[in-house]
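What follows is a single structure, written as structure tokens, with notes after it.
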Amino acid sequence: MAAALVRPSCTVTNDSSKFITPPIRRDGIQYNQIYYTRLHEMKDVSMKSAQRKWGSDTVFRNLKDLEPGLACVVIGTLFKEMSLRPSTIKQISDNQRLLPYPPKGKLSSSTDKIFLEDYSQRVILSNLSDNTALTTGMIVAVKGVQNADGNFEVSDYCLPGMPLKNDPLPSLNNDRYVAIVSGLMVGSDWSDQWAIQQLVDYLTGQLGGVHDNDMLSNIVKVIIAGNSIGSVQSNKSSDKVKYSAKNYCAHSIQSVEELDVTLSQLSSSVPVALMPGTYDPANKQLPQQPLHHCMFPKSAKYDNFKSVTNPYSCTIEGHKFIGTCGENIESMSCCTIGMDSLELLELTLMSSHVAPTAPDILCCYPFSNADPFIMDDCPHVYFAGNQPKFQSKLVTGDDGQKVLLICVPSFNSTHSLALINLRTLACTPLTFATTATRLIENKDTQNNIETENVLMTETISDIDDEDY
Numbered sequence: 001m002a003a004a005l006v007r008p009s010c011t012v013t014n015d016s017s018k019f020i021t022p023p024i025r026r027d028g029i030q031y032n033q034i035y036y037t038r039l040h041e042m043k044d045v046s047m048k049s050a051q052r053k054w055g056s057d058t059v060f061r062n063l064k065d066l067e068p069g070l071a072c073v074v075i076g077t078l079f080k081e082m083s084l085r086p087s088t089i090k091q092i093s094d095n096q097r098l099l100p101y102p103p104k105g106k107l108s109s110s111t112d113k114i115f116l117e118d119y120s121q122r123v124i125l126s127n128l129s130d131n132t133a134l135t136t137g138m139i140v141a142v143k144g145v146q147n148a149d150g151n152f153e154v155s156d157y158c159l160p161g162m163p164l165k166n167d168p169l170p171s172l173n174n175d176r177y178v179a180i181v182s183g184l185m186v187g188s189d190w191s192d193q194w195a196i197q198q199l200v201d202y203l204t205g206q207l208g209g210v211h212d213n214d215m216l217s218n219i220v221k222v223i224i225a226g227n228s229i230g231s232v233q234s235n236k237s238s239d240k241v242k243y244s245a246k247n248y249c250a251h252s253i254q255s256v257e258e259l260d261v262t263l264s265q266l267s268s269s270v271p272v273a274l275m276p277g278t279y280d281p282a283n284k285q286l287p288q289q290p291l292h293h294c295m296f297p298k299s300a301k302y303d304n305f306k307s308v309t310n311p312y313s314c315t316i317e318g319h320k321f322i323g324t325c326g327e328n329i330e331s332m333s334c335c336t337i338g339m340d341s342l343e344l345l346e347l348t349l350m351s352s353h354v355a356p357t358a359p360d361i362l363c364c365y366p367f368s369n370a371d372p373f374i375m376d377d378c379p380h381v382y383f384a385g386n387q388p389k390f391q392s393k394l395v396t397g398d399d400g401q402k403v404l405l406i407c408v409p410s411f412n413s414t415h416s417l418a419l420i421n422l423r424t425l426a427c428t429p430l431t432f433a434t435t436a437t438r439l440i441e442n443k444d445t446q447n448n449i450e451t452e453n454v455l456m457t458e459t460i461s462d463i464d465d466e467d468y
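Residue 191 in UniProt numbering sits at position 191 of the sequence shown, and the numbers go up by one each step.
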């Protein structure tokens, strides 16, 4: 058995207190308050962004003060009227078998109407060059003029941009790594338990050579970004309690126990943060609250194990992380056209908002006094889990902010995780191969089954620091 890895001490703080919802249920609260709060908190930021783009002499007006023919800039919240979006009335009719099932997938089209609304009224935005890259809930500054029909003809627009506050990257003398994995789907019909065990053995130093252990011993944090527990897909009628996801059965106790064993193995060697996801037994609306420790009796014994919120914000060795399990990107993908996951992740960063489509498309808690999804501080690492493939990009803001964007692939479908070097902000995927079984012909003996377990990794040392 390989010797236990000796890891350096690491300073980690959980900055997710704003994502903890009140314990008392609040009935009768309307969602319009969160839009009002969002506009109120982001208006000054949007105004500064507009002045940087169009000059300090930019004329700002409220919608109620618009005059036909007078050029100005207005700031408000976007509302996208999508004709492909299913309505509740149609869904009720569908249950009664009166109408065909409403369309699935993309809700946005080139014929969508875009409205801008502030505290007093709303107006149709016309002549908008690129409405396919905008979603409901974004705070934008639009430049143009009101026409005779009462519509606002847009000549240009700008988003709030990256958050301005960004502490300089701490200087580290040695490499320190953070691993982010998502979509383990333990216990599902299509999960690969062998690949999951390879992942655990590798991160805990049970696999790999001396060179690998030198790198693995410097992994100071593992973040599991949701969808850790798989649902069992079934078309059979049964007496089991159905979970909220359509066509999926409830999570079995065995799946939770298997995940607990996996987490306990990891937590015995490295600090682990577990985020809930869409298919996990947590509240559906964002922010999702930490999974209860009673579900993981083996893992909860270790101080290394932490159950956290989704979204999750933390500071690791002076590097600010913020990320989600991918619901925000999936929601925006339905409301935009021609944008991949990385582009959508960058769009949320430039909007200074983690989940612009909440609560219109993406359900969330009805906050009234604050919008916790607003990015007050600029992160150093911004990630989204459960994406179709690995993607990363280092972006630089107008004030020199540097943010590493990461689309973390679903481990269940790609067998990959993302590994970040905190010293250089370099990011690379590690891929674990599945079990390949083949029949070997042997003339002297009976046919034998040879099983190959291959671990394919792309090490950090192959990455040139100058590329970042």
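Note that CB positions come from ideal geometry on N, CA and C, so glycine has one too.
When the alpha-carbon of valine 256 is set against those of Leu203, Pro281 and Val270, the nearest one is in Pro281.
Counting C-beta pairs closer than 8 Å gives fewer than three between the segment 158 to 169 and the segment 186 to 197, which falls short of the contact rule. Close CB contacts of serine 392 within its chain, under the 6 Å cut and outside five residues either way in sequence, are with Ile406 and Cys427 (chain order). In the DSSP assignment, asparagine 62 falls outside any alpha helix (DSSP H), carrying neither H nor E. Judged by DSSP secondary structure, histidine 319 falls within the beta strand (DSSP E) whose first and last residues are 319 to 324. Annotated three-state conformation of methionine 185 is coil, per DSSP. Secondary structure of methionine 275 (DSSP, three-state): strand.
Secondary structure note for aspartate 156: its beta strand (DSSP E) is the uninterrupted segment 152 to 158. A straight line joining the alpha-carbon of valine 154 with that of isoleucine 180 spans about 41 Å. Take serine 331, set aside five residues on each side of it, and the residues of its chain with a beta-carbon closer than 6 Å to its own are Thr357, Ile361 and Leu362, in chain order.
In the three-state scheme derived from DSSP, where H, G and I count as helix and E and B as strand, histidine 211 is classed as helix.
In the displayed model, lysine 43 falls within a helix according to three-state DSSP. In the three-state reduction of the DSSP assignment, threonine 204 falls in the coil class. Taking all protein chains in view, the Cβ of proline 429 is crowded by 16 or more other Cβ atoms within 10 Å, so the residue is classified as buried. The three-state secondary structure of cysteine 407, taken from DSSP, is strand. Between the segment 297 to 311 and the segment 259 to 267 there are three or more C-beta pairs closer than 8 Å, enough to call the two in contact.
By the Cβ neighbour-count rule, glutamate 67 is exposed, with fewer than 16 other Cβ atoms within 10 Å of its own. Within the segment 331 to 386, the runs of alpha helix (DSSP H) that reach at least 4 residues and sit entirely inside it are, in chain order, 341 to 350. In this structure, the CA atom of leucine 422 is about 29 Å from the CA atom of tryptophan 194. Serine 352 and methionine 375 do touch by the CB rule: their CB atoms are close to 5 Å apart, below 8 Å. Beta-bridge partners of tyrosine 312 (DSSP): Gly323.
In this structure, the beta-carbon distance from leucine 199 to leucine 216 does not fall below 9 Å. The C-beta of glycine 230 has 16 or more other C-beta atoms within 10 Å across all chains shown, which makes the residue buried.
Nearest in C-alpha terms to proline 388, of all of Asn369, Ser416 and Leu107, is Ser416. The Cβ atoms of leucine 78 and phenylalanine 115 lie closer than 9 Å to each other. According to DSSP, residue pairing for lysine 284 in a beta bridge does not occur. Under the Cβ criterion (8 Å, minimum of three pairs), the segment 48 to 57 does not count as touching the segment 30 to 39. Cβ-Cβ separation between glycine 226 and asparagine 310: approximately 6 Å, consistent with a contact (criterion under 8 Å). Shown here, glutamine 30 sits in coil according to DSSP, grouped into three states, outside any helix or strand. Sequence-distant partners of leucine 125 (beyond 5 residues in either direction) whose C-beta falls short of 6 Å from its own C-beta, in its chain, are Ile114, Leu116, Phe152 and Val154. In this structure, the alpha-carbon of asparagine 328 lies about 24 Å from that of valine 142.
According to the DSSP assignment, threonine 262 belongs to the alpha helix (DSSP H) that extends over 253 to 267.
Ranked by Cα distance from valine 178, the first of Pro276, Asp118 and Val381 is Val381. Burial check for lysine 106: the Cβ neighbour count within 10 Å stays below 16, so the residue is exposed. Among the bridge pairs identified by DSSP, threonine 428 is matched with Leu419.
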